[in-house]
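*Asks:*
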Amino acid sequence: DAGVIQSPRHEVTEMGQEVTLRCKPISGHDYLFWYRQTMMRGLELLIYFNNNVPIDDSGMPEDRFSAKMPNASFSTLKIQPSEPRDSAVYFCASSFGTSTVSPLHFGNGTRLTVT
Amino acid sequence: GQQVMQIPQYQHVQEGEDFTTYCNSSTTLSNIQWYKQRPGGHPVFLIQLVKSGEVKKQKRLTFQFGEAKKNSSLHITATQTTDVGTYFCAAASGGSYIPTFGRGTSLIVHP
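Chains A and B supply the protein sequences, listed in that same order.
In terms of my numbering, the first sequence is residues 7 to 121.
In terms of my numbering, the second sequence is residues 195 to 305.
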């Protein structure tokens, strides 16, 4: 298996621009997570999906952030408009399991820089 | 939500010395996971502990889950430069199946 695939690996954009991050989870996994990692706040859970349905988006910082999962093999995290404080590494992770806590498989991340 | 406190935040050791990181919670945990993130990399799952008092080993790494299921530790014997990275614990409690990550302990190994 290719693992969790994220794109792009790096994104540099100007304040006010729209940013879209993409994720392909491991085939067969029914949970998908979006995390943000910064030095100040560590690994923050933004949102997670189960069977393509958003379950908990309480970690999404503001209305500027939105996430979708149109099918089992694709998810996007969109920031519109972007701000410098959104600069971070964004990880997508997937897991399999509905009755126990399962290991998370992380993608390589997208390093976002907003200038 | 539930929080897990991880200490220390950083640890510098000389190659060959031992290293331990601790994860503590005020609530009883259903299980705990440990991850390693190399510099510039992504978190990689190491192990999961479920049972009270459980101890698991992976070569030079020893993982423990407390008797009360409120704390856990990761111990590395005779560190090597390849052990450099940040070690995270992630724990779930109550009816949640979603783990909450600690802030991590960054291990720096000096040759």
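Ideal placement from N, C-alpha and C gives every residue a C-beta, glycine not left out.
For residue 221 (chain B), which three-state DSSP category applies?
*Replies:* In the structure shown, residue 221 (chain B) sits in coil (DSSP, three-state: anything other than H, G, I, E or B).
*Asks:* Let me make sure I understand the geometry here. Which of B:214, B:204, B:304 and B:239 has the alpha-carbon closest to that of residue 107 (chain A)?
*Replies:* For residue 107 (chain A), the nearest C-alpha among the options comes from B:239.
*Asks:* Helix, strand or coil, according to DSSP, for residue 28 (chain A) in the structure here?
*Replies:* Strand, per DSSP.
*Asks:* Nearest to residue 304 (chain B) by CA position, among B:282, B:257, B:216 and B:211, is which residue?
*Replies:* The option with the nearest alpha carbon to residue 304 (chain B) is B:211.
*Asks:* By DSSP, does residue 60 (chain A) sit in helix, in strand, or in coil?
*Replies:* In this structure, residue 60 (chain A) counts as strand in the three-state DSSP scheme.
*Asks:* Is any beta-carbon of chain A found at less than 8 Å from that of residue 237 (chain B)?
*Replies:* Cβ-Cβ to chain A under 8 Å: yes for residue 237 (chain B).
*Asks:* I'd like the list of long-range same chain contacts for residue 52 (chain A), defined as Cβ closer than 6 Å, with 5 residues on each side in sequence excluded.
*Replies:* The answer, listed in chain order, is 40, 42, 65 and 66.
*Asks:* Would you mind working out which of A:85, A:115, A:103 and A:114 sits nearest residue 20 (chain A), comparing C-alpha positions?
*Replies:* Taking only the C-alpha atoms, the option nearest residue 20 (chain A) is A:85.
*Asks:* Can residue 88 (chain A) and residue 22 (chain A) be called in contact, C-beta distance under 8 Å?
*Replies:* Going by C-beta atoms, residue 88 (chain A) is nearer than 8 Å to residue 22 (chain A).
*Asks:* If contacts are defined as beta-carbon pairs under 8 Å, then residue 241 (chain B) and residue 259 (chain B) qualify, I think. What distance do you get, rounded to the angstrom?
*Replies:* Residue 241 (chain B) to residue 259 (chain B), Cβ: 10 Å. No contact.
*Asks:* From B:244, B:249 and B:236, pick the residue whose C-alpha is nearest to that of residue 298 (chain B); which is it?
*Replies:* Cα-wise, what sits closest to residue 298 (chain B) is B:236.
*Asks:* What residues of chain B sit near residue 1 (chain A), judged by a beta carbon separation below 7 Å?
*Replies:* Examination of residue 1 (chain A) is not possible in this model, given that chain A is present from 7 through 121 alone.
*Asks:* Identify every residue that forms a DSSP beta bridge with residue 198 (chain B).
*Replies:* According to DSSP, which records beta bridges pairwise, residue 198 (chain B) is partnered with B:219.
*Asks:* Do residue 18 (chain A) and residue 82 (chain A) have their C-beta atoms within less than 8 Å of each other?
*Replies:* Not a contact, by the Cβ cut-off of 8 Å.
*Asks:* Identify the contact partners of residue 266 (chain B) in chain A, using a Cβ-Cβ distance below 9 Å as the criterion.
*Replies:* The premise fails here: residue 266 (chain B) is roughly 14 Å from chain A at the closest Cβ pair, so nothing lies under 9 Å.
*Asks:* Going along the chain, which residues of the stretch 279-294 of chain B sit with their C-beta nearer than 9 Å to a C-beta in chain A?
*Replies:* Residues passing the 9 Å Cβ filter: 282, 284, 285, 286, 290, 291, 292, 293 and 294.
*Asks:* Taking the beta carbon of residue 288 (chain B) as the centre, do at least 16 other beta carbons fall within 10 Å, making it buried, or is it exposed?
*Replies:* Label assigned to residue 288 (chain B): exposed.
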